[in-house]
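Taken in sequence, the protein lines are chains A and B.
According to UniProt numbering, the first sequence is numbered sequentially starting from 1.
According to UniProt numbering, the second sequence is numbered sequentially starting from 1.
The beta carbon of each residue, even a glycine, is placed where N, CA and C say it ideally should be.
Protein chains: 2
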Amino acid sequence: MPLSAAILQTLQSIVGDKGFITNQAEIAPYLVESRNKFKGQCDVLIKPASAQEVAEVLAICNDHDVAVVPQGGNTGHCGGAVPNGGILLNLSRLNKIRQIDPLNATITVDAGCILQTIQEAAEKAGLFFPLSLAAQGSCQIGGNLATNAGGVHVLRYGNMRDLTLGLEVALPDGRLWDGLRALRKDNTGYDLKHLFIGSEGTLGVITGAVLKLSAKPKDTAVAFLGAETPHDLMEVFAILRDQFGEELSAFEIMPRFGLEMVTKHMKAARDPFHAPYHWYGVVEVASSRPDSQLTTALEEALHPLFDKGFLHNASVAKDLSQASQFWALRENMSEAQKCEGGSIKHDVSVPLSHIAEFLEETSHMIGNIVPNSRICAFGHVGDGNIHFNISQPIDMEKDAFLAHWSDFNEIVHEMAEKYGGSFSAEHGIGLLKTNEMELFREGPELDMMHSIKNSLDPNNIMNPGKILKKRP
Amino acid sequence: MPLSAAILQTLQSIVGDKGFITNQAEIAPYLVESRNKFKGQCDVLIKPASAQEVAEVLAICNDHDVAVVPQGGNTGHCGGAVPNGGILLNLSRLNKIRQIDPLNATITVDAGCILQTIQEAAEKAGLFFPLSLAAQGSCQIGGNLATNAGGVHVLRYGNMRDLTLGLEVALPDGRLWDGLRALRKDNTGYDLKHLFIGSEGTLGVITGAVLKLSAKPKDTAVAFLGAETPHDLMEVFAILRDQFGEELSAFEIMPRFGLEMVTKHMKAARDPFHAPYHWYGVVEVASSRPDSQLTTALEEALHPLFDKGFLHNASVAKDLSQASQFWALRENMSEAQKCEGGSIKHDVSVPLSHIAEFLEETSHMIGNIVPNSRICAFGHVGDGNIHFNISQPIDMEKDAFLAHWSDFNEIVHEMAEKYGGSFSAEHGIGLLKTNEMELFREGPELDMMHSIKNSLDPNNIMNPGKILKKRP
């Protein structure tokens, strides 16, 4: 339904002039994502200043069947915060840290808080907020919650949902649900918090949260590994997990092609080894005990893995600066890949026991369709999460390569499914993967999601068309 | 609706004679809980032998509006598995461990598996399943899932929901949902798994699960602490959490009265200290690193806490046998309390920062109503979880004391609410706390639960009357 002048006026009266933007030039940056795959449109951008204002806006929209697209830092990749009409509801003005409780090790925040702000506030209180991902300087915690963000520390601390104790949510009917309980145990009926986390704004608008904080790591060791195959690196992973348990805080792999891109395109990046290897690993162990001697322990743990043939080379960082250099090789890969022409990207997961064969088989199939495709399958393999990204062959036309987008998607997602995996590990569904939802989640699972959506948002005003396609 | 002969015959044809019990003498033990607070009744006990049979039973019951009460090991305390007509569906024949995947560190199990069987299977595979609670020799994992069980290791490993990756659920409409994904990252729509976990059989019947396993702890240290106040013990907790981080795997407190009961009534139990203290603590640290020197580290960490006045005494266990003795003092408390006459029990949680004042204020109020009430408030304070149990005064009539049941409930639950806590930390709602649900969760939260219940179980066949009271 188009927005009538009367509705617009009511919305403006709720959020005031500062929160009511109709100038298309001002709205434009909010309508595209960084990967530029979706182009949204809408007549009005609403920026409420409080949870109460969010709830009031929803009440009006619900009464008049106006679609509401909630948006945080707009750092997603799946179109989840891209509007198609209705109103775009940006949470950036809800940016207060409401409370820190050091003994309870919790922080209560507005949904629009920048992730890094929360990390810094925790640090100041002598604690640690472990969610860490590339966009942390601009992504908002509300978006992290709506998409159940992952990142590099999932192995040790879990996904966003594992870091959350309570939520405040503005509901489609205009009521504000105060579920901001700061409790580690609370068995009182259905866990609604987990329903909203990961629901990408399709059930309501998260306006606040209570997050769990952890003890600060006081000793860390990072190693860069050179190996022959993903299979070997998974053996290394299993042995380190057994020896370090929860102290193993990250385990990432990347292929030679990934390292080559980074050392070629990123200033200051250099190969830690003199000889090349087919596969590389980055491992991080961390402990709250300052006396944990992790550097020595990691060196000793890696040593026997050479004899077993799982490792060909390894360098344990001498200091924090070298540790950052190792991490940068892994973290700058996406940036570097932009310099290598067209790329087709995926975010999948498989059980750890199938990673090696998944990589081998899928790479083979991609090579059969476009020979000399340059595959950069990397990621958080400690969690089974692979970013299966494919760069075009050097001598191919970009558009000709990108024409294979859906073929490649189909192969990678079908292979993930074959191995009991997921077609979306950490990025979510948005608009990008609604076809895959229909394909891989059909049956009771999709039916239940539709039932829940209908029961909590009967007028389908909340981010319509995201995650779930409209059913006739 | 009464069960017609035709319905009974159909049910019998699904589960066979072995799974179809109508002899009331055989049914009787399944109709009461160990605390004997509820007495159920039903005409037929059904014991299906497979998930498929469970689904077929539900289809029939749904078609004929027959109530279904799922039951595991029947070790709950809240009446959640006590039937009132309809059929009692006991899962004990679904008792297979379906698969262990050591590299993925997961185990796939039938819902009727005994918790201890799962712990042992994990151990055999060189891994560790951390859920640990008093009933582990007889409780079933399906019940642990349905009630989101807690126990003594929540501090380090989380509740049951944190240990679960995937579920298989027989739905009220007779379909079997295969959500047995063994993935640590899977952001594909609403997290239905978390909706079923803790829903106490009111949305469907959990028939199988994929559980997360952890690295085996290889070094453990346990200390018994003597202190003046809960406040002092919470200071100790905060300092140990900062120093040990995730290695801190349990932190429990108990009052002098608790220790006295155990040493009086339990054979072989003795006070570790020569002098009495008002409050005691049990702390456990554990690490996957065999070289972690935890005993020394714990001793060194406790030492400065004497100077600060937080501790009056401490004994770090010399060996595993002494560690077990320390743990037994805490674990046998409920058993010992049975010898002290009538008791009124609670299972609440509050933020850690309010535990001390919650205990003080609530104890004071209880004493005002029944002077000389003997309060044994103990529990998993590292998670904010207090079992606020009250034994009758020595010279009071048991019945006169027990007549204060609802007054005491009201006080304890209102005080938990006052401090932002929960009236049910780990035991759930069942029949016992449906009044409290109406009182403390009224408004959007309860409305959403009813909406979800109606949308997934429109005929209200699944464990009716548990968690949620029927609305007119």
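Indicate the three-state DSSP secondary structure (helix, strand or coil) for residue i in the structure shown.
i      : result
P444/A : helix
D219/B : strand
K469/B : coil
R289/A : coil
C339/A : helix
Y277/A : coil
C61/A  : helix
K418/B : helix
R156/B : helix
G428/A : coil
G400/A : Checking the sequence shown, residue 400/A turns out to be Ala, not Gly. A400/A: helix per DSSP, three-state reduction.
G19/B  : helix
K39/A  : strand
A146/A : helix
From which residue to which residue does the beta strand (DSSP E) around residue i run?
i      : result
S324/B : Segment L320 to E331 is the alpha helix (DSSP H) holding S324/B; no beta strand (DSSP E) there.
A209/A : V205 to K212
R184/A : That residue, R184/A, is in no beta strand (DSSP E); it is neither H nor E in DSSP.
F388/B : N385 to S391
F251/B : L248 to P255
P70/A  : V68 to Q71
T108/A : T106 to D110
I97/B  : I97 to D101
A377/A : R374 to F378
I461/A : It is not in any beta strand (DSSP E) - I461/A carries neither H nor E in the DSSP assignment.
Buried or exposed for residue i, please, with buried defined as at least 16 other CB atoms from any protein chain shown within 10 angstroms of its CB.
i      : result
I107/A : buried
R35/B  : exposed
G137/A : exposed
G367/A : exposed
E247/A : buried
E438/B : exposed
S406/B : exposed
I394/A : exposed
K47/B  : buried
S249/A : buried
N385/A : buried
P304/A : exposed
Q337/A : buried
L320/A : exposed
Go through its chain and collect everything with a Cβ distance to residue i's Cβ below 8 Å, but skip five positions before and after it.
i      : result
R471/B : H450
T164/B : L145, K193, I197, A209, V210, L211 and K212
G16/B  : A49
R256/A : P276, Y277, H278, W279 and Y280
R181/B : L165, G166 and V210
G179/A : G166, L167, E168, V169, L192 and K193
S427/B : One point to set straight first is that residue 427/B is His, not Ser, in the sequence displayed. Answer for H427/B: G76, H77, C78, T147 and D347, listed in chain order.
What is the residue span of the alpha helix (DSSP H) that residue i lies within?
i      : result
R161/A : It is not in any alpha helix (DSSP H) - R161/A carries neither H nor E in the DSSP assignment.
L233/A : P230 to F244
I355/A : I355 to I369
Q140/A : Neither: Q140/A is in no alpha helix (DSSP H) and is coded neither H nor E.
F196/A : L192 to F196
L115/B : L115 to K124
F310/A : First-last for F310/A: undefined, no H or E at that position.
I394/B : No alpha helix (DSSP H) contains I394/B, which DSSP labels as neither H nor E.
E33/B  : Careful: E33/B lies outside any alpha helix (DSSP H) and carries neither H nor E.
A25/A  : Q24 to I27
Who are the near neighbours of residue i in its chain, counting only those whose CB is closer than 6 Å to its CB and skipping five residues on each side?
i      : result
K18/A  : none
F310/B : D232, E235 and V236
A215/B : S288
F244/B : V285
G73/B  : S138, C139, Q140 and G143
Less than 7 Å between C-beta atoms, sequence neighbours within five positions excluded: which residues of the same chain meet that for residue i?
i      : result
G174/A : A55, E56, L58, A59 and N62
Per the contact definition of three or more C-beta pairs closer than 8 Å, is the segment 150 to 157 of chain A in contact with the segment 428 to 435 of chain A?
no
For the segment 461 to 469 of chain A against the segment 186 to 206 of chain A, are there 3 or more C-beta pairs whose distance is under 8 Å?
yes
May I ask you to verify whether the segment 345 to 354 of chain A touches the segment 273 to 285 of chain A, counting CB pairs closer than 8 Å and requiring at least 3?
no
Examine the Cβ distances between the segment 319 to 333 of chain B and the segment 350 to 364 of chain B and report whether three or more of them are shorter than 8 Å.
no
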